Amino acid sequence: MLTDAYSPVKWVQSGSMTSAVQRPTTVYYIRSLDSSLIFAPFFPLIRHQDRQETMGELKGCLHIKERWILTRKSSRSNMKTSAALASVLFTINAVSAHTIFQELYVNGVSQGRLNGIRVPEYDGPITDVTSNDVICNGGINPYRQPVSTTVIKVPGGSQVTAQWHHTLTSNTGDPSDPIDASHKGPVLAYLAKVPSALQKDVTGLKWFKIYQDGLDSSGQWGVDRLIQNQGKVSFTIPDCIPAGEYLLRVELIALHAAQTYPGAQLYMECAQLQITGGGNTSPANTVSFPGAYSGSDPGISYNLYNGQKSYTIPGPSVFTCGGSGSNPQPSVSSTTRAPVSTTTSRTSAAPTTTAGGSGTVPQYGQCGGSGYNGPMAAFAASALLLANSVAAHTIFQTLWVNGVSQGHLNGIRVVDYDGPITDVTSNDVICNGGINPYHQPMSTTIIPVPAGAQVTAEWHHTLDSAGTNDPADPIDPSHKGPILAYMAKVNNATQSTVTGLNWFKIYHDGLDGTTWAVDKLIANQGKVSFTIPSCIPPGQYLLRVELIALHGAETYPGAQLYMECAQIQVTGGGSASPSTVSFPGAYKGSDPGITVNIYNNLKSYTIPGPSVFSCNGNSSPSSPSTTVANPSPTTVSSSAPASSSSSTGSAAGSVAHYGQCGGLTYSGPTTCAAPYSCVKSSDYYSQCL
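Take the sequence shown: its position 332, counting from 1, is numbered 332 in UniProt numbering, and each next residue is one higher.
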């Protein structure tokens, strides 16, 4: 069961996986770092059998999530204690994301931005097709206030154009405007006749579809055409329907995470219309929202990456005045190799896309994927756009011993998906592998490591991003935070049970001046090195290497924890018995190393967990290490030898590579050390790049 963090709480009943939608009892408000004045509710998920899943956290599938900052919450006393927040706190460079329908044109004339449309403040999706939020939005994404009271006059038979943008403040500099190119899927439009287009109650209405555009024969989607047309999609108001007031529901369905329900992201807003002229045909083929779609519909649960040749657009067929819209079966759009006809029900011409040269793919066309056997060369514009949108997470996937690689994915419990853990009370913080299932088959290798050896953990964005031009490899530079390493002695390093182990910390690196451990990891191409204590007993151990990204850690759960466990056999060694901690248990949500605002001119950072064990006896588990931000490059926070190519500190009055150089509430230096420049990522954060 995948559940979107934007969706209402689903309460598991009687121990089964059957769930009933309830209104949320806790509301979290979030602020988009790419749109400073966006606030919206953020709902918790419950845990079921120690499994918490988040929409989009799909095994083996690379896609985009967004970065948000939790700012405040209001709770009610009946909040289920088993509820746990799922995270949507992802990279600042991956804000390429959602979309809002926010302007209507009638016969080419704009009716005014935000005028006559029920526009939400927040651009987030709806993923629960059984929720009333799929009608006109405005529930979990509250409407912008005051809601427009304009009713737009539209003559029957007019061409109307819906204008979409990423956020309410997007402009031409937003690479995700009108929506990120990865969010492929259909665009649809419905009408419902109402007594008053301003009525608040939108339940129980009868909707008929007037437009749809899915997957065409060239492999392009309705969303691709929307992007090419600068966020505009045009269609015709039927000239035969009765005059009166209507709600026009325009919808975009993003399928980039739709392999399992709920995964498809539905975006919709309703415009308030007064249709004039018209006729006397009342469409018979109407549907209800919710009700028009089910989670099992092939247009809602769909694998975008599996070489699909066709797509079934959800909902009824398109109503036409000729009567051909009486069949309630959904339309199927198909893709063939020949760039000829399309079976989508578009009612207006989409912008023409010119194919590339021989062996190339047009912008936004498919250029790879499981089951795909077409051209793999793409236009540079498309490649750049996609490259800028995949910045995200990370996986520890190769271990080096004294400079020698032990093999990619060898001897490590590696997950297929690079997503984070945000619930520090979950068993998933031990070695991952729960909500992010392990890559199969799991490695059975146990890596021999002499006591006292230097080991290097190598991280990459995804399992196949090493050696590529992935701009988020090994991790997006916005994901600043510490890196830590722990060991636990085990009977068998390949044992499946990892609960109840006794862990001791052997390494951590936090904040050094303005440079974080993650900055050093990036500078060292994803590698972080530390030493296995020479005094610990020989035997089999799990080596847990962890990266904590703090870009969304203002409120818990916001910090993103990434960890994998390597299976090692320590040889040699001694007889020391380190003090230990448990996972979960070593961290609390209230720890200053877990909940911290890194954008508020941070002067120091307390690395979570115990102190680092060393063979000279400094192994007290009670006092976490505090690292101090200081312009001088002489302060080093590593408690074990760091990798050889860590970032160099900046000169006086300047900021080092990857350091913060601007943003609201920031009061530090704004000049970057040569040859770097201060690049604005958002109103809240600028970085030396």
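Heads up, the beta-carbon is just placed ideally off N, CA and C, and yes, glycines get one too. Values in this document were obtained by computation on a predicted structure and should not be read as measured data.
Euclidean distance between Cα positions of CYS688 and ASN303:
Start at 1 with the first residue of the sequence shown, and residue 688 comes out as number 688. Start at 1 with the first residue of the sequence shown, and residue 303 comes out as number 303. Straight across, the Cα-Cα distance linking CYS688 with ASN303 is about 38 Å.
VAL490 - DSSP class collapsed to helix/strand/coil:
If you number the sequence shown from 1, residue 490 lands on position 490. Looking at VAL490 - three-state DSSP - the assignment turns out to be coil, as it is neither helix nor strand.
Looking only at its own chain, which residues have a Cβ that is under 6 Å from the Cβ of TYR143, when we skip the five neighbours before and after it?
Here the question's residue 143 lines up with position 143 in the sequence shown. Cβ neighbours of TYR143 beyond the five flanking positions: ARG118, PRO120.
Which residue or residues does DSSP assign as beta-bridge partners of CYS678?
Taking the sequence shown and counting its residues from 1, the one referred to as residue 678 is at position 678. Beta-bridge pairing links CYS678 to CYS688.
Would you check if there are 3 or more beta carbon pairs closer than 8 Å linking the segment 465-472 to the segment 581-591?
Per the Cβ contact rule, the segment 465-472 is not in contact with the segment 581-591 (fewer than 3 Cβ pairs under 8 Å).
Using 7 Å as the threshold, is the C-beta distance between LEU547 and TYR605 below it?
Residue numbering aside, residue 547 sits at position 547 when the sequence shown is read from its first letter. Residue numbering aside, residue 605 sits at position 605 when the sequence shown is read from its first letter. No, they are not a contact pair.
Express the C-alpha separation of HIS256 and PRO186 in angstroms, rounding to a whole number.
For this step, residue 186 is matched to residue 186 along the sequence shown. For this step, residue 256 is matched to residue 256 along the sequence shown. Straight through space, the alpha carbons of HIS256 and PRO186 are spaced by roughly 12 Å.
For GLY558 and LEU70, the rounded distance between their alpha carbons:
Residue 70 sits at position 70 when you count from the first residue of the sequence shown. Residue 558 sits at position 558 when you count from the first residue of the sequence shown. For LEU70, the predicted structure reports a pLDDT of 32, less than 50, and the residue's modelled location is therefore unreliable. A value from the coordinates is still provided. LEU70 and GLY558 have their C-alpha atoms some 7 Å from each other.
From the beta carbon of SER158, is the nearest beta carbon of chain C less than 7 Å away?
Going by chain labels, chain C is absent from the structure shown, which holds only one protein chain.
Alpha-carbon to alpha-carbon, THR425 and ASP519:
As a first step, residue 519 must be located in the sequence shown, where it is residue number 519. As a first step, residue 425 must be located in the sequence shown, where it is residue number 425. C-alpha separation (whole angstroms): 27 Å.
Pull up the distance between the alpha-carbon of PRO610 and that of ASP128, whole angstroms please.
Within the sequence shown, the letter at position 610 stands for residue 610. Within the sequence shown, the letter at position 128 stands for residue 128. Cα to Cα, PRO610 sits roughly 41 Å from ASP128.
Quick check: what's the CA-CA separation for ALA418 versus ILE152?
Here residue 418 refers to the residue found at position 418 when the sequence shown is read from its first residue. Here residue 152 refers to the residue found at position 152 when the sequence shown is read from its first residue. At residue 418 the sequence reads Asp, which differs from the Ala that was named. Spanning the two alpha carbons is a distance of roughly 46 Å.
Confirm, please, whether the CB-CB distance from ALA192 to TRP207 is below 7 Å.
Here the question's residue 207 lines up with position 207 in the sequence shown. Here the question's residue 192 lines up with position 192 in the sequence shown. With a cutoff of 7 Å on beta-carbon distance, TRP207 and ALA192 are scored as near each other.
Through-space distance from GLN111 to GLN228, alpha-carbon basis
For the purposes of this step, residue 228 is taken as residue 228 along the sequence shown, with counting starting at 1. For the purposes of this step, residue 111 is taken as residue 111 along the sequence shown, with counting starting at 1. Between GLN228 and GLN111, the C-alpha separation is close to 22 Å.
Looking at ALA472: is its Cβ nearer than 7 Å to the Cβ of ASN402?
For the purposes of this step, residue 472 is identified with residue 472 of the sequence shown, where counting begins at 1. For the purposes of this step, residue 402 is identified with residue 402 of the sequence shown, where counting begins at 1. No, the pair does not count as a contact, with Cβ atoms beyond the cut-off.
Can the beta-carbon of GLY411 be found less than 7 Å from the beta-carbon of GLN220?
Here residue 411 is taken as the residue at index 411 of the sequence shown, counted from 1. Here residue 220 is taken as the residue at index 220 of the sequence shown, counted from 1. Taking 7 Å as the Cβ cut-off, GLY411 and GLN220 do not qualify as a contacting pair.
Do you know how far the Cα of GLN560 is from the Cα of CYS270?
For this step, residue 270 is matched to residue 270 along the sequence shown. For this step, residue 560 is matched to residue 560 along the sequence shown. So the alpha carbons of these two residues sit roughly 35 Å apart.
Can you tell me the Cα-Cα spacing of PHE530 and ILE594, whole angstroms?
Here residue 530 is taken as the residue at index 530 of the sequence shown, counted from 1. Here residue 594 is taken as the residue at index 594 of the sequence shown, counted from 1. Linking PHE530 to ILE594 through their CA atoms gives a straight-line distance of about 23 Å.
Would you kindly report the start and end of the unbroken beta strand (DSSP E) that includes LYS193?
Taking the first residue of the sequence shown as 1, we reach residue 193 at position 193. Residues 187-193.
Across which residues does DSSP place ARG544 in a beta bridge pair?
If you number the sequence shown from 1, residue 544 lands on position 544. Paired residue(s): TYR486, CYS565.
In this structure, what does DSSP give as the bridge partners for GLU251?
Within the sequence shown, the letter at position 251 stands for residue 251. Residue pairing for GLU251: DSSP places it in a beta bridge opposite LEU188, MET268.
Selection from ASP180, PRO441, PRO584, MET563 that minimises the alpha carbon distance to ALA485
As a first step, residue 485 must be located in the sequence shown, where it is residue number 485. Of ASP180, PRO441, PRO584, MET563, the residue nearest in Cα terms is MET563.
Just how far apart, CA to CA, sit HIS408 and ALA457?
Within the sequence shown, residue 408 is the residue found at index 408, counting from 1. Within the sequence shown, residue 457 is the residue found at index 457, counting from 1. Between the alpha carbons of HIS408 and ALA457 lies a gap of roughly 11 Å.
Out of curiosity, what's the CA-to-CA distance linking LEU550 and ASP213?
Start at 1 with the first residue of the sequence shown, and residue 550 comes out as number 550. Start at 1 with the first residue of the sequence shown, and residue 213 comes out as number 213. Each residue's alpha carbon lies about 40 Å from the other.
Given this structure, state the Cα-to-Cα distance separating ILE522 from ASP476, to the nearest angstrom.
As a position in the sequence shown, residue 522 is number 522, starting the count at 1. As a position in the sequence shown, residue 476 is number 476, starting the count at 1. Straight-line Cα distance between these residues: approximately 8 Å.
Check whether LEU247 and TYR267 have beta carbons under 7 Å apart
As a working mapping, residue 247 is identified with position 247 in the sequence shown. As a working mapping, residue 267 is identified with position 267 in the sequence shown. No.
C-beta contact flag for TYR122 and ASN141 at 7 Å
Translated into the one-based positions of the sequence shown, residue 122 becomes position 122. Translated into the one-based positions of the sequence shown, residue 141 becomes position 141. Yes. Within cutoff.
Buried or exposed: PRO448, going by 16 or more other Cβ atoms within 10 Å of its Cβ?
Along the sequence shown, one-based indexing puts residue 448 at 448. The residue is exposed, with fewer than 16 neighbouring Cβ atoms inside 10 Å.
Following a CB-centred definition, is VAL106 positioned closer than 6 Å to any heavy atom of the ligand NAP?
Summarising the ligand content, the structure contains no ligands, and the ligand NAP is consequently not present.
For residue 716, which of helix, strand or coil comes out of DSSP?
Lying before the first or after the last residue shown, residue 716 is absent from the chain, which here runs from 1 to 689.
Sort GLN569, ASP428, GLU554 by Cα distance to ALA493 and report the nearest one.
Residue numbering aside, residue 493 sits at position 493 when the sequence shown is read from its first letter. Ranking GLN569, ASP428, GLU554 by CA distance to the CA of ALA493 puts GLN569 first.
Along the chain, which unbroken stretches of the beta strand (DSSP E) at least 3 residues long are found entirely within the segment 420-473?
Residue ranges of uninterrupted beta strand (DSSP E) with 3 or more members, entirely inside the segment 420-473 and ordered along the chain, are 447-450, 454-460.
Determine the DSSP secondary structure at ALA629, reduced to helix, strand or coil.
The residue labelled residue 629 in the question sits at position 629 within the sequence shown. In this predicted model, ALA629 has a pLDDT of only 42, less than 50, meaning its place in the structure is not dependable; the value taken from the coordinates is given anyway. DSSP, read as helix, strand or coil, puts ALA629 in coil.
Excluding the five sequence neighbours on either side, which residues of its own chain have a C-beta within less than 8 Å of the C-beta of LEU226, listed in chain order?
The count along the sequence shown starts at 1 and reaches residue 226 at position 226. The residues are TRP164, PRO178, ILE179, VAL187, LYS232, VAL233, LEU252.
Proximity below 7 Å, CB of ALA254 to CB of GLN272
As a position in the sequence shown, residue 254 is number 254, starting the count at 1. As a position in the sequence shown, residue 272 is number 272, starting the count at 1. No; because the gap between Cβ atoms is not below 7 Å, this pair is not in contact.
Only counting runs of 4 or more residues, tell me where the alpha helix (DSSP H) segments fall wholly within the segment 176-246, in order along the chain.
You should have 222-228.
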